[in-house]
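What follows is a single structure, written as structure tokens, with notes after it.
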Amino acid sequence: MGWRSVIVSKPARLSVKNRQLLLEQGEGDSVTLPLEDLCVLVLDTPQTVVTGALLSEFAAHAIAVITCDASHHPNGTLLPYLPHSRTMRVMHKQLALSLPQKKRAWRSLVQQKLRNQGQCLSRFRPGAGDFLFKQAGMVRSGDPDNRESAGARYYFAELFGARFTRDEDRWVNSALNYGYAILRAAIARALVTHGFLPAFGLHHRSQLNAFNLADDLIEPLRPFVDAWVRGNVLKDPGALQKSDKAALVQLLYFDVQMKSGAMNILAAIEHMVESLGRYCDHARISELDWPAFRLDG
-6 MGWRSVIVSK PARLSVKNRQ LLLEQGEGDS VTLPLEDLCV LVLDTPQTVV TGALLSEFAA
54 HAIAVITCDA SHHPNGTLLP YLPHSRTMRV MHKQLALSLP QKKRAWRSLV QQKLRNQGQC
114 LSRFRPGAGD FLFKQAGMVR SGDPDNRESA GARYYFAELF GARFTRDEDR WVNSALNYGY
174 AILRAAIARA LVTHGFLPAF GLHHRSQLNA FNLADDLIEP LRPFVDAWVR GNVLKDPGAL
234 QKSDKAALVQ LLYFDVQMKS GAMNILAAIE HMVESLGRYC DHARISELDW PAFRLDG
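Have a look at this one:
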């Protein structure tokens, strides 16, 4: 698996040379990168030419390619076509999960999301996270009481102010959406490479969404993006800058706490997906492993 993320923000031509990515920008300005080192590539300009041979190599190396729209917001992802050696077995196990098993897994995800939101909030407003920690302990299977939604209303108001809404056109929301999109693509990449069908979620089940399962697994990871945005909100320049986007992509290498120890988010996503595979095999909630904030982080 690769470890390097690249953002292409200037006009460029991308091709393959000696089994490496060749990136050419202007006359004589070029760089090569080993394909096996790449995990995520963001095409943040419409003035990019990518050869068919390179697209094939991206798929072969399980590199998630993210495209952006005219407003420079992520709007698409190229993923490999089910390269896992036991794809059918994993698919059958995934589709065989019963509704109670899905509900228990969703409860676990919501609980960890609320805990992480509490940790995030406590970093900026000591004591403010207590409500979220309490909510986490009250989540029932499937979250029928909608503790996640209640927690979100409280959380965003405390983190960004009582007047904050997620549909405003402002720097905070642009940064949140960009960071979430990067995480979503990385999760979708991991799901596909491990043989899962990302359209079939545990809780999310929109017929118009090809990444329902990714939208389930992203939940406990969102607060890491939120923490970065809150920590940089005073620098708000009005529009999301290239430096902001680069920093949000670099969050993939932010250290989090997993059961087996500290690791970066990119590695943690692999552990999350692997733990879901074990849960599909044994239906033991203890198999699931979600990221938490490091106490010394």
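Residue 44 in the numbering used here is what sits at position 51 of the sequence shown, and the numbering runs on without skipping anything.
Just so you know, even glycine gets a beta-carbon here, dropped at the ideal spot from N, CA and C.
Quantities reported herein were computed from a predicted structural model and do not represent experimental measurements.
Check                                                                                                                                                                       : Outcome
Along the chain, where does the beta strand (DSSP E) containing residue -3 start, and where does it finish?                                                                 : -3 to 1
Hey, is residue 248's beta-carbon within less than 9 Å of any beta-carbon in chain B?                                                                                       : Reference to chain B is not applicable here, since this structure consists of a single protein chain.
What is the residue span of the alpha helix (DSSP H) that residue 218 lies within?                                                                                          : 215 to 225
Looking only at its own chain, which residues have a Cβ that is under 7 Å from the Cβ of residue 109, when we skip the five neighbours before and after it?                 : 213, 216, 285, 286
Helix, strand or coil: how does DSSP classify residue 159 here?                                                                                                             : coil
How do the region 230 to 246 and the region 182 to 194 stand: do at least 3 beta-carbon pairs fall below 8 Å, yes or no?                                                    : no
Quick one: give me the first and last residue of the alpha helix (DSSP H) that residue 144 is part of.                                                                      : 140 to 153
Please check the pair residue 0 and residue 30, which I expect to be a contact at CB under 8 Å, by giving their CB distance rounded to whole angstroms.                     : Wrong, their Cβ atoms sit about 15 Å apart, outside the cutoff.
If we count Cβ pairs, one from each stretch, closer than 8 Å, do we get three or more for the region 117 to 137 versus the region 148 to 160?                               : yes
Beta-carbon within less than 6 Å of residue 292's beta-carbon, same chain only, minus the 5 sequence neighbours each way: which residues are those?                         : Nothing about residue 292 can be read from this structure; the chain reaches only from -6 to 290.
Going residue by residue through the region 13 to 61, where are the continuous beta strand (DSSP E) segments of at least 3 residues, counting only ones entirely within it? : 13 to 17, 23 to 27, 31 to 36, 41 to 43, 57 to 61
Can you tell which of 9, 58, 72, 43 has its C-alpha closest to the C-alpha of residue 190?                                                                                  : 72
What separation, rounded to the nearest whole angstrom, lies between the Cα atoms of residue 131 and residue 197?                                                           : 21 Å
Ignore the nearest five residues each way along the sequence and tell me which others in residue 51's own chain have a CB closer than 6 Å to its CB.                        : 58
So residue 195 packs on residue 99, CB below 8 Å; how close in whole Å?                                                                                                     : 5 Å
Which residues bound the alpha helix (DSSP H) around residue 261?                                                                                                           : 258 to 275
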